[in-house]
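Only one structure is covered here, and it is reproduced in the block below.
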Amino acid sequence: MSTYQIEDGWDALGDPTRRAIIACLAERPRAVGELAEVLPVSRPAVSQHLRVLKDAGLVTDRTAGTRRVYRLNPAGVAALRDQLDTYWSRALDGFRDATERPDEEES
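All residue numbers for the sequence shown refer to my numbering, where the first residue is 1107 and numbers rise by one.
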């Protein structure tokens, strides 16, 4: 069963709970229990979502005593931002080309 086998960061962010986890981790690193306290899902569900985000390269974890503390992975987030910048640049180029093209009705 491949329910939680997402490798792409954009696919991982398609879930609202995972986006909420990313928003929480943007504030500061947190353990699973801390995330579960502020989210409307159970600790096991938070752990599953974190695994998806980790597999997608968007979060990392480290051991702190008996807990695992999760944080955003700057490299993974930067890769998404680079992709978004590329999409945005292409959209702007397309808009520029469309506005600079002579109107066919006038010819």
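For glycine and all other residues, C-beta sits at the position ideal for the given N, C-alpha and C.
Element boundaries [beta strand (DSSP E), containing residue i]
i	result
Leu1178	Arg1173 to Leu1178
Arg1168	Val1165 to Ala1170
Boundaries of the alpha helix (DSSP H) in which residue i is found, first to last residue
i	result
Ala1126	Pro1122 to Glu1133
Leu1119	Run containing Leu1119: none; DSSP gives neither H nor E here.
Helix, strand or coil at residue i according to DSSP, with G and I counted as helix
i	result
Val1183	helix
Ala1197	helix
Ala1137	strand
Val1147	coil
Ala1204	helix
Ala1232	The structure shown has nothing for residue 1232, since the chain only spans 1107 to 1213.
Contact check, residue i vs residue j, beta carbons under 9 angstroms
i	j	result
Val1165	Asn1179	yes
Ala1185	Gly1163	yes
Leu1073	Cys1130	As displayed, the chain neither begins before 1107 nor continues past 1213, which places residue 1073 out of reach and without an answer.
Gly1171	Gly1115	no
Sequence-distant residues of its chain with Cβ nearer than 7 angstroms to residue i (five each side left out)
i	result
Asp1167	Lys1160, Arg1174, Val1175 and Tyr1176
Pro1135	Val1175, Tyr1176 and Arg1177
Ala1126	Leu1145
Val1147	Thr1123
6 angstroms Cβ shell around residue i - same chain, five flanking residues per side excluded
i	result
Ala1137	Arg1173 and Val1175
Val1152	Val1138, Leu1141 and Ala1142
Proximal residues to residue i (C-beta, below 8 angstroms), its chain only, five neighbours per side dropped
i	result
Arg1124	Ala1118, His1155, Val1158 and Leu1159
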